[in-house]
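One structure is given here, and the rest of the page talks about it.
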Amino acid sequence: MWPGPVDKTLYFAVDKKLSPSFAIAKYGDGFALVYIPTNYIVYFHKNVSYIDDLEYLWKEYDDCLQELTNPMNVVNDIVPMMLREKEIQSECAPVFFAIIAGFTKYIKDQKEKAGMGFSMSKVNRRGDTPVHVAAQYGSAGLVQLLWDECFDPLVRNNDGHTILQAARSRPDIVKYINSHVKSEVCDQMILLAQNQPKPDEPTYPKSFETILEYTIKNNLPHCLFTPADILNKAQFSFRDLETVLRILYVQDSKFLGRLHNSKNVFHSFDTFPVQHQKLLLSYATEEMINTRDSEGQSPMHYIAKKGNLASFILLWSHGADVNIQDKKTLYPMDYALQRDDVDIVKAFLAFDGKANELVLNSVMKSRKKSAETLQKHFKALEEGKGQSLKHDNKNPTHRRCQKFPDLSKNDGIVLSIDGGGMKGILALQLLKEIEKVVGNKFLGWFNHIGGTSTGSMITLGLVKYGNIDHVIRQYFRMKDDIFIGSRPYSGEGLENALLNEFGRDTLKQLGEKKNIRISIPVARVDISPPQLYMFRSYDVNDTTFDQSSLKPAWGAAKVVRASSAAPSFFPPVDGKFMDGGLIANNPAVDILTDCQRLEFERNERNSTKIIVSIGTGAMEKKIENIDLMKPTTMGGIVNTFNQIMHLKDVFIEQLTAADGVTVERARWMAEAMGMAFFRFTPSLELPVAIDEKDDCALLDAMLAVKYESMTMRNDMLMLASILK
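Everything in the sequence shown is counted per the working numbering, starting at 1 for the first residue and increasing by one.
Below you can see the structure in the form of structure tokens.
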């Protein structure tokens, strides 16, 4: 009789309210635990005392459930587990169920209350630590959160399993563990796993019976080749897919690469629901995503032939190659052109997709909608071709570059990146266009990179991966996980995404690995006036902020989370650290200040030679007359209110200004230091929101930047002329 909505044919009356969300109700001939907001029966029993077995729901998790979009999905997952633990008289701590449910805030609170050693302080009846449970059921972010300095990765549960064995069906967690333990410890964990007996036969979900029968009957390599209509008919849910993937992955980690009629499961990628697609990709490799069938066609060819933009972006963001030719010498873009799918054609153009000349010429001469898009594209790119370098002696950098000295390996070359939320994609697009002019070794020149807010995320991505395309893909991958629901966002999505990407490393560790200095500004707002704190991978004498005073040392992911905590979008970190853009949305001057400090401390002179400052775009705004005289009429009151609101916007614009006088200060400061200063930023015809998630809007903006970059080509050529 549970779970489910209230059956109105039965007697129903609330007997006792347990919390804002839960109540006990007399229901038919027994009692029900009811989730009040939706009148949902969580559990029913004739004996009311049995309902107490679920007390964690209202005593521990009430607030957590209120924050979820679909709380009953989580409740339905953890209630059977709670009842099972009670049946065997197991005193399982609430934190274990919270890990399975993904209640990050609750886990954080419990960890702060318990202090250091929380990772080893509790075990369940199987001897699992919280990290064991997170490795098996949680996210990489939860593993990172629970894994404190006291945790021993070699600790085993009652079955003799380490966390590596607990995570054996989770490729993302296995990857995380391997990257965060020393190689000799990892070897010991693998050895322990090899010496353990094989686990019991796994239990498949009930919906899998029909699918398995079809798979065997049709001699399919695995169940996911089953047609979508049969999967839907079997009510094969997201949870069922998750269970099956874990089981199959343990049996064969490369099972998704198996072929049927020369195709793997990604050739029919667009037939799966979006959430299923994301889950499949978490078990995939780039080799699987780019596998060719007997006709030489990759999954991207199939998306171009009959897919949609969302599937295209998802597949591309996980490493799909847009420039694979099939046996007919056709690229994926050729099929999108033939289908006249303008949105996907724009995506190919934004990601530098190629097309067959014959197909391209045919479409451009046609009356297809794609023809106009192509004509605009190639006309804009043609304007930048054949341009020669010109110097303007009124510009200090132009004058300096005419006799620029040869660079040595000890010379400082700085990259500074502005804040701006999802406009960070535009900064990355600009960097991509500069790289095309300067050459593939462009990023390798920089030995000091800094950024604010979204610029801090780009900074870490460039330092860690050294590849602009990888970071662009990362942005498209992360956006739907970061901006969940509506403003203000909880921040958990952002935290988990950052932890998954950058792990436990500190700025110092990342910087030392790549031999690059890193600078990230953060605003401390619990003091007056707010103070700029510059987080660094290097040591410098800064009287305003002693980074070593933060105990424990912040991981790089936490620094970026703080620098990205834009007011009204994300809550502050530790209640006092917010978006660095409140004080230094364009961090160029602050990074130059650090360069000066370093030169002074080392008794050097003009050792930093070049700074490249990248903006995220700005729109020209109409400035209205602001007259705040005392109103005398109703119309005057309305007018004064509008002027006050406009004045507020003026203050915010000035507070977060990244262009104009801010750039001029940086330019002349660089000149005084004997440096060449380059500023690249797009002008936005259409606004791009900080939390923009619409793929079409982002692709249009990327293409606009690609075209506008042609007007910046002279400075790009000048930069190329001195980077040699």
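Idealized CB from N, CA, C, for every residue including glycine.
Among the options, which residue has its Cα nearest to the Cα of residue i?
i	options	result
A304	K328, D341, G319, K327	D341
L360	R367, A371, D695, M288	A371
P529	F570, K508, K576, K263	K576
G386	N714, L191, I527, D574	N714
T38	Q66, Y56, K59	Q66
A284	H301, I313, T271, H318	H318
E664	R597, V589, M712	V589
G412	I247, T397, E604	E604
V559	T203, D469, M478, G455	G455
S19	H45, T203, R156, L54	L54
L145	P552, P153, L154, I107	I107
G660	F680, C150, A523, T215	F680
D539	I591, P567, L598, M712	L598
K278	R477, C595, A720	R477
I725	H222, I230, Y43	The chain is shown from 1 up to 724; residue 725 falls before or after that span and cannot be answered.
A135	A101, S119, V174	V174
P153	N541, F483, Y176	Y176
Q338	D326, A355, K327	A355
P227	S408, P273, K254	P273
D481	L314, N218, K328	L314
A566	P552, D270, N585, K551	N585
If I'm right that residue i touches residue j with Cβ under 8 Å, what's the distance once you round it to whole angstroms?
i	j	result
L431	I614	6 Å
L428	I449	Between I449 and L428 the Cβ distance is about 13 Å, and since that is not below 8 Å, they are no contact.
F103	Y137	About 12 Å separates the two Cβ atoms, so there is no contact after all.
G420	I690	7 Å
L532	I583	4 Å
A571	P488	In the sequence under discussion, the amino acid at residue 571 is Pro, which differs from the Ala named in the question. At roughly 7 Å, the Cβ-Cβ gap stays under 8 Å, so P571 and P488 are in contact.
M288	F312	About 17 Å separates the two Cβ atoms, so there is no contact after all.
W316	R473	7 Å
I611	A670	5 Å
According to the neighbour-count rule (16 or more other Cβ atoms, all chains shown, within 10 Å of its Cβ), is residue i buried or exposed?
i	result
I78	buried
L647	Any reading at L647 needs caution, since the residue's pLDDT is 44, under 50, leaving its predicted position unreliable; the model's value is listed next. Exposed: under 16 other Cβ atoms inside 10 Å.
M718	buried
S416	buried
W554	buried
R367	exposed
E501	buried
Y11	exposed
M716	buried
T616	buried
S282	exposed
T373	buried
D334	buried
H470	exposed
R168	buried
G485	exposed
L280	buried
Which stretch, first to last residue, makes up the beta strand (DSSP E) that contains residue i?
i	result
T608	608-614
P521	517-524
D15	12-17
K26	22-27
A676	676-680
I417	412-417
Q297	Looking at the DSSP string, Q297 is not in any beta strand (DSSP E), and its letter there is neither H nor E.
G450	448-451
M364	M364 -> not in any beta strand (DSSP E); alpha helix (DSSP H) instead, spanning 357-364.
H391	It is not in any beta strand (DSSP E) - H391 carries neither H nor E in the DSSP assignment.
Grab the span of the alpha helix (DSSP H) containing residue i for me, first residue to last.
i	result
L460	454-465
G384	From DSSP, G384 is part of no alpha helix (DSSP H); its letter is neither H nor E.
I88	Note, I88: premise wrong, no alpha helix (DSSP H); not H, not E.
F600	588-601
G424	424-438
L146	140-146
R477	468-482
A562	556-563
M116	Run containing M116: none; DSSP gives neither H nor E here.
Any Cβ of chain C within less than 9 Å of the Cβ of residue i?
i	result
K306	Included in the structure is just one protein chain, with no chain C present.
Closer than 8 Å is the cut-off here; do at least three beta carbon pairs connect the segment 175-185 with the segment 146-165? The segment 175-185 makes contact with the segment 146-165; the number of CB pairs closer than 8 Å reaches 3 or more.
Please determine if the segment 121-134 and the segment 87-102 are in contact, where contact requires at least 3 C-beta pairs separated by less than 8 Å. The segment 121-134, when compared against the segment 87-102, does touch it at the 8 Å Cβ threshold.
Okay, do the segment 484-501 and the segment 510-530 touch, 3+ Cβ pairs below 8 Å being the bar? These segments do not touch.
Report yes or no: do three or more beta-carbon pairs, one from the segment 286-295 and one from the segment 254-269, lie closer than 8 Å? These segments touch.
If you pair each beta-carbon of the segment 337-356 with each one of the segment 698-709, do three or more pairs fall below 8 Å? Between the segment 337-356 and the segment 698-709, the count of C-beta pairs closer than 8 Å reaches three or more; the two stretches touch.
Report yes or no: do three or more beta-carbon pairs, one from the segment 206-222 and one from the segment 185-194, lie closer than 8 Å? For the pair of segments examined, the segment 206-222 was found not to touch the segment 185-194: the number of CB pairs separated by less than 8 Å stays below three.
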